[in-house]
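Numbering (the working numbering), first residue to last: 125 to 391. No residue lacks a Cβ here, since even glycine has one placed at the ideal position from N, Cα and C.
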Amino acid sequence: MWIRLCLILVILNGFFFWNISDTWAEDKWSAEKTKEQEWLQLALQIQKQIGQQNVVEAKSTVTKLAISFSKTNFQMKKYSLRVISALSNTILEMDEQLNQALIDPEGLAARARKLVYSFDVLVHTNQPLWHNAEPELQRSVGGMKQSNQEQKHEDLREAVRQFQKSFDLVRPAILISKSPSILQRVDSMLAFLEKNRNFSENETIIQLLEQLIPNIFHGSDQDVMRLLKPTVQMPMPMVIIWLISTILIVLSYFLWKKYEGTKARTE
Numbered sequence: 125m126w127i128r129l130c131l132i133l134v135i136l137n138g139f140f141f142w143n144i145s146d147t148w149a150e151d152k153w154s155a156e157k158t159k160e161q162e163w164l165q166l167a168l169q170i171q172k173q174i175g176q177q178n179v180v181e182a183k184s185t186v187t188k189l190a191i192s193f194s195k196t197n198f199q200m201k202k203y204s205l206r207v208i209s210a211l212s213n214t215i216l217e218m219d220e221q222l223n224q225a226l227i228d229p230e231g232l233a234a235r236a237r238k239l240v241y242s243f244d245v246l247v248h249t250n251q252p253l254w255h256n257a258e259p260e261l262q263r264s265v266g267g268m269k270q271s272n273q274e275q276k277h278e279d280l281r282e283a284v285r286q287f288q289k290s291f292d293l294v295r296p297a298i299l300i301s302k303s304p305s306i307l308q309r310v311d312s313m314l315a316f317l318e319k320n321r322n323f324s325e326n327e328t329i330i331q332l333l334e335q336l337i338p339n340i341f342h343g344s345d346q347d348v349m350r351l352l353k354p355t356v357q358m359p360m361p362m363v364i365i366w367l368i369s370t371i372l373i374v375l376s377y378f379l380w381k382k383y384e385g386t387k388a389r390t391e
């Protein structure tokens, strides 16, 4: 519980003291780089301990990581609030997973991998470890493509969920190293695929995802956004259905309010 409080204070520190002068920035630059390497080593140690099923030791190492991270000098303006929040959340998720009543080895391994990816981005900007997840995501897109071609909606939904599960591992790393709007667009595409039953429309989205993956991993933000223009939108029938549903809900509410008012006056 106290780890959660500690990380909340970290985010507040980054928010409220963002504009304080960083007079020691140059003097402390090498110290901060060493700190980043320390965080990565602790994350790798947690991953190793979980692989060896040393849950107690992993909990202790997570605590060390949280304490070290909470002592960061955010006055240097090195990290945006987005980065601070992403890193804090990965530590918190790891801590929560370790404190589950029932040990979930698969869940622990996934959270540890996510933790390593997140802190590795700070140290290895050119060849980060999160790039190792690319083949996994490409396989998931291949599963979506096959299910859609066979027009099996439930299999497609399962393939989308598998993609989301794999994508979640690299989400903080993308948030730290790329534009946040990329995550928002991908989430919108996945939500559409999970609900839409028009397989020809789905094919267009899946083809776009297939092109996006290598650009997300190896291209610039501009490369990704170029693929996403024009903005991916719901087909017109879906828009019409959504608008009609919204109008009906609003009308129903006002009719109900009118009925309640009439009923009150008659009584």
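Beta-carbon within less than 8 Å of residue i's beta-carbon, same chain only, minus the 5 sequence neighbours each way: which residues are those?
{"i": "L307", "result": "R295, I298 and L299"}
{"i": "I330", "result": "V265, M268, K269, N272 and L317"}
{"i": "K183", "result": "D219, L222 and N223"}
{"i": "Q177", "result": "P229"}
Grouping DSSP H, G and I as helix and E and B as strand, with all else coil, what is residue i?
{"i": "P252", "result": "coil"}
{"i": "K319", "result": "helix"}
{"i": "S204", "result": "coil"}
{"i": "Q346", "result": "helix"}
{"i": "K195", "result": "coil"}
{"i": "S212", "result": "helix"}
{"i": "D228", "result": "coil"}
{"i": "N335", "result": "Reading off the sequence shown, one finds Gln at residue 335, where the question assumed Asn. Helix at Q335."}
{"i": "Q176", "result": "coil"}
{"i": "K183", "result": "helix"}
{"i": "S303", "result": "coil"}
{"i": "K289", "result": "helix"}
Let me confirm a value: residue i is counted as buried when at least 16 other C-beta atoms fall within 10 Å, else exposed. Which label applies?
{"i": "A315", "result": "exposed"}
{"i": "P304", "result": "exposed"}
{"i": "R206", "result": "exposed"}
{"i": "Q173", "result": "buried"}
{"i": "V186", "result": "buried"}
{"i": "R237", "result": "buried"}
In its own chain, which residues sit with a C-beta less than 7 Å from the C-beta of residue i, not counting the 5 before and 5 after it?
{"i": "A234", "result": "L293"}
{"i": "F341", "result": "H255 and E258"}
{"i": "R321", "result": "H277"}
{"i": "V179", "result": "L222 and I227"}
{"i": "T214", "result": "K238, L239, S242 and P296"}
Can the beta-carbon of residue i be found less than 9 Å from the beta-carbon of residue j?
{"i": "E168", "j": "V245", "result": "Per the sequence presented here, residue 168 reads as Leu, with Glu not at that position. Not a contact, by the Cβ cut-off of 9 Å."}
{"i": "S290", "j": "E260", "result": "yes"}
{"i": "I337", "j": "Q251", "result": "no"}
{"i": "K188", "j": "L166", "result": "yes"}
{"i": "K319", "j": "V348", "result": "no"}
{"i": "K159", "j": "S192", "result": "yes"}
{"i": "V392", "j": "Q161", "result": "Here the chain covers residues 125 to 391 and nothing more, so residue 392 does not appear."}
Taking 6 Å as the limit between beta carbons, can you name the residues of its chain near residue i, skipping five residues before and five after?
{"i": "W254", "result": "Y241, V294 and A297"}
{"i": "F287", "result": "S264"}
{"i": "D279", "result": "S271"}
{"i": "L332", "result": "none"}
Using only the heavy atoms of the ligand NAD, determine whether one of them is closer than 8 Å to the beta carbon of residue i.
{"i": "A167", "result": "Summarising the ligand content, the structure contains no ligands, and the ligand NAD is consequently not present."}
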